[in-house]
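As structure tokens, the structure follows; a few thoughts come after it.
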Amino acid sequence: MSTNRRDFLLKAGLGVGGVAASGFIPGVGYINAATAAELIDPLAPKQPHFPGKVKSVIWLHQNGAPSTLDLYDYKPELFKLAGQPVPASFLKGIKTSTQGGVNKLFASNKRTFKQHGESGAWFSELLPNLAQQADKLAFIKSSVTVGATHDISILKLNTGDLNPGRPSLGAWINYALGSLNPDLPSYVVLYNGEQEPSAGSVNWSSGFLPAVYQGTAFRPSDSPILYLERPDLRSADQQRASLDLLKSLNRIGGDRRPNDTELRARLESYELADRMQKAAPEAVDLSKESEATLKLYGIDDPTSESYGKVLLRARRLVERGVRFIQVVSGYPSNVQDNERRSWDAHSDLDGNHATQARMVDKPIAGLLADLKTLGLLDSTLVVWASEFSRTPWGESGTGRDHNPWGYTQWVAGGGVKAGYTFGETDELGVQVADKDKAVDTYDLHATVLHLLGLDHLKTTFLNNGRSERPTVVYGKVVKEILA
Amino acid sequence: MRRKRFPLPRIQRMKSSLIAVLFGLASLLPNVAGSAELELDSEIMKSIEDLNKSLSSNIAIGAAAASTSDTRELAELFAQVETYFVAKGGADDAVELTRKSRVLVADISASVAKKDFTRATDQSTDLSRTCKTCHTFYKKS
């Protein structure tokens, strides 16, 4: 590299660290490396662009892609034409290079649909409890995405991109709004099942944002974070003295590297961990919840118990000011069959969805009812989302393949037009009926941000000289579903 | 990100010239694959994608000159895309969407000239959606 070029970079203030730490913070404006280093707490609450309708989001990722044709999107024509080939006109404009090819149309003879509530929303027999909450939901029946493998489409669902490296929606929200509770992470990931979700922590990553904004995964057990508890042999005073010494030593090193966000996040984590030793176990402790509440969340049923506990924890985290709670559905503890450990029903859709629907039905219905009773539904947004859905044609005789061309997601809570349905799929549920009403991941993200008081176009961060935003170069708020 | 042009050292200039000559010669050769089908250079689409991201960023930070430069290059590339789809035939959707893109690029340019970056941001997002709609039909998987 020539001396001239090095001089140019230095004079232009484009050193690697400088660029990495530069950015725009809502309510603060553009910051450069120097001021970034001076910010004492990167998680301090920040003003939104305009008054938000909600304070918290519960993002219910239905892992494995449920068939919304078997839950919400009633298609009488599918039942009539079951067993016949898909008419070519329905496949126009889509690439069907999915795993199982385009087989004959499939409809389960167990499936029945009924309309519920004043809104008359359709629900299948798989979701009897959620159906009772029909008038709280706003359906988006024209959802689209990019259909790839589960892991790649899950990444898009959470970060807006098919490749790792971009921040997740929760991280953008954490960055833009900061924390409401200094004793807990403001972005928490919950899951039921024995292991962390297989798609991995890249789905709650902060990407190119400072690492302090990433999500924190809570394990389903009583101790939500590994090694959080203080060892019995160490007193609270000893621990405090040790942390104080560590803090002063770290500060010496940290001051020399003001732009190292990984280090900054690590230093923050020591203090946060100290505070969380008390706050986190209490936040997820369900022992003081009443029997009625436990029952409301389906914790009295082995199939819905683990997911119910997770959603009850989610409500408790909302009560404590946690901004974004990303819940990844897993599987009930009484399920041994690998085919029923997610919604991914390439075969035996009836068996798979009977288990998965029973796992989530009562807990989600309970969550909505509970939030309403506690007066929290108006300040909370609940989102049912999935990486894609499933085809109307069959696979393996009894299952369904992946469908990214048209499916249902829904939102409920503050600022949402409850009991409303936006968009639709064609008569067989292959793809969206009107492409102008297609709602892609970016549009859903833009809408969630809007309800939090954030303009997705103004929520930006300067990364390597380029202004980045949560919706990449896309995104349009779905105004039709706003109250 | 757009490539910045810095003066290259002599050895690199020679290497670049050689590559350019080889590419030039290659373009004069008959299509050895024997395909009579018209092909749209994937580099054009990649350049459009990169320029669109650059434009979106430049609008967001209020960089008028850089935004104008991006729109100028985008206008040229979309003109090439339109020529391709017209020649290809049977791609009315693509021709229509490309023309819509050209109009949007001109609109963005006008908004940037007026320093109306809010409007330019909306128009830029519409342009991205138009690209996406077209790719649903024509992008090779």
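Just so you know, the protein sequences line up as chains A and B, in that order.
Every position in the first sequence, counted from 1, becomes a number in the numbering used here once 541 is added.
Every position in the second sequence, counted from 1, becomes a number in the numbering used here once 531 is added.
Every residue gets a Cβ at the ideal spot worked out from N, C-alpha and C, and that includes glycine.
Bear in mind the structure is a predicted one, so any value in this text is a computation, not a measurement.
- Where the segment 651-664 of chain B meets chain A: residues whose CB sits under 9 Å from a CB there: Thr652, Asp653, Ser655, Thr656, Asp657, Leu658, Ser659, Arg660, Cys662, Lys663 and Thr664
- Message: Using beta carbons (cut-off 9 Å, strictly below), is Ala618 of chain B in contact with chain A?
- Response: no
- Message: Taking beta-carbon pairs under 7 Å, can you tell me which members of the segment 577-606 of chain B lie near chain A?
- Response: Asn583, Lys584, Ser587, Ser588, Ala591 and Ile592
- Message: I'd like to confirm the pairing. Which residues does DSSP put opposite Thr757 of chain A in its beta bridges?
- Response: A:Val729
- Task: If I'm right that Leu612 of chain A touches Leu698 of chain A with Cβ under 8 Å, what's the distance once you round it to whole angstroms?
- Result: 17 Å between Cβ atoms; not a contact.
- Task: Taking only beta carbons into account, state which residues of the segment 1006-1020 of chain A come closer than 9 Å to chain B, listed in chain order.
- Result: Gly1006, Arg1007, Ser1008, Glu1009, Arg1010, Thr1012, Val1013, Val1014, Tyr1015, Gly1016 and Lys1017
- Message: Check whether the segment 579-586 of chain B and the segment 621-629 of chain B touch, using three or more Cβ-Cβ pairs below 8 Å as the test.
- Response: no
- Under the three-state DSSP convention, the category Pro933 of chain A falls into: strand
- Continuous alpha helix (DSSP H) stretch holding Tyr872 of chain A: start and end: Careful: Tyr872 of chain A lies outside any alpha helix (DSSP H) and carries neither H nor E.
- Item | Beta-carbon contacts of Gly593 of chain A that lie in its chain and below 6 Å, excluding the five residues immediately before and after | Leu993 and Gly994
- Query: Beta-carbon separation of Leu922 of chain A and Leu725 of chain A under 9 Å?
  - Reply: no
- Query: Of all Cβ atoms in chain A, is any one closer than 9 Å to the Cβ of Thr629 of chain B?
  - Reply: no
- Rounded separation between Thr690 of chain A and Asn650 of chain A - CA only: 29 Å
- Task: Taking only beta-carbon positions, decide if Lys976 of chain A is within less than 9 Å of chain E.
- Result: Among the protein chains of the structure shown, namely A and B, there is no chain E.
- Item | Phe591 of chain A, buried or exposed, once every other Cβ within 10 Å from all chains shown has been counted against 16 | exposed
- Message: Strictly by DSSP, which residues pair up with Ala953 of chain A?
- Response: A:Leu678 and A:Val923
- Mind checking which residues open and close the alpha helix (DSSP H) that includes His691 of chain A? His691 to Thr700
- Task: Counting only the same chain and skipping the five closest in sequence on each side, list residues whose C-beta sits under 6 Å from that of Glu1021 of chain A.
- Result: Phe963
- Residue range of the unbroken alpha helix (DSSP H) whose run includes Val851 of chain A: Glu846 to Glu860
- Would you mind working out which of B:Asp572, B:Asn589 and B:Ile579 sits nearest Ser1008 of chain A, comparing C-alpha positions? B:Asn589
- Message: Taking 9 Å as the threshold (C-beta atoms), are Gly954 of chain A and Asp977 of chain A in contact?
- Response: no
- Could you check which residue in A:Ala675, A:Glu618, A:Ser883 and A:Leu750 has the C-alpha nearest to that of Asn1005 of chain A? A:Leu750
- Please work out which residues of its chain come closer than 7 Å, Cβ to Cβ, to Lys645 of chain A, disregarding the five sequence neighbours upstream and downstream, and give them in chain order. Gly624, Gln625, Pro626, Trp934 and Gly935
- Query: With 16 other CB atoms within 10 Å as the buried threshold, where does Gly970 of chain A fall?
  - Reply: buried
- Around the Cβ of Ile766 of chain A, are there at least 16 other Cβ atoms within 10 angstroms (buried) or fewer (exposed)? buried
- Task: Measure the C-alpha to C-alpha separation of Val753 of chain A and Val863 of chain A and round it to an integer number of angstroms.
- Result: 15 Å
- Query: So Leu985 of chain A and Ala926 of chain A are in contact, right, with Cβ under 8 Å, and what is the actual spacing, rounded?
  - Reply: 7 Å
- Host alpha helix (DSSP H) of Asp638 of chain B (start-end): Asp623 to Ala644
- Query: Do you know whose CA, among A:Arg1010, A:Val1018 and A:Gln897, lies nearest Asn733 of chain A's CA?
  - Reply: A:Gln897
- Query: Cα-Cα, which of B:Asp647, B:Leu635 and B:Gln611 is closest to Asp657 of chain B?
  - Reply: B:Leu635
- Are any of the Cβ atoms in chain B nearer than 9 Å to that of Leu998 of chain A? yes
- Task: For the segment 603-618 of chain A and the segment 867-885 of chain A, state whether three or more C-beta atom pairs, one from each stretch, are separated by less than 8 Å.
- Result: yes
- Query: In this structure, does DSSP put Arg1010 of chain A in helix, strand or coil?
  - Reply: coil
- Message: So, with DSSP's three-state summary, where would you put Phe749 of chain A?
- Response: coil
- What does DSSP give as the partner residues of Ile635 of chain A in its beta bridges? According to DSSP, which records beta bridges pairwise, Ile635 of chain A is partnered with nothing at all.
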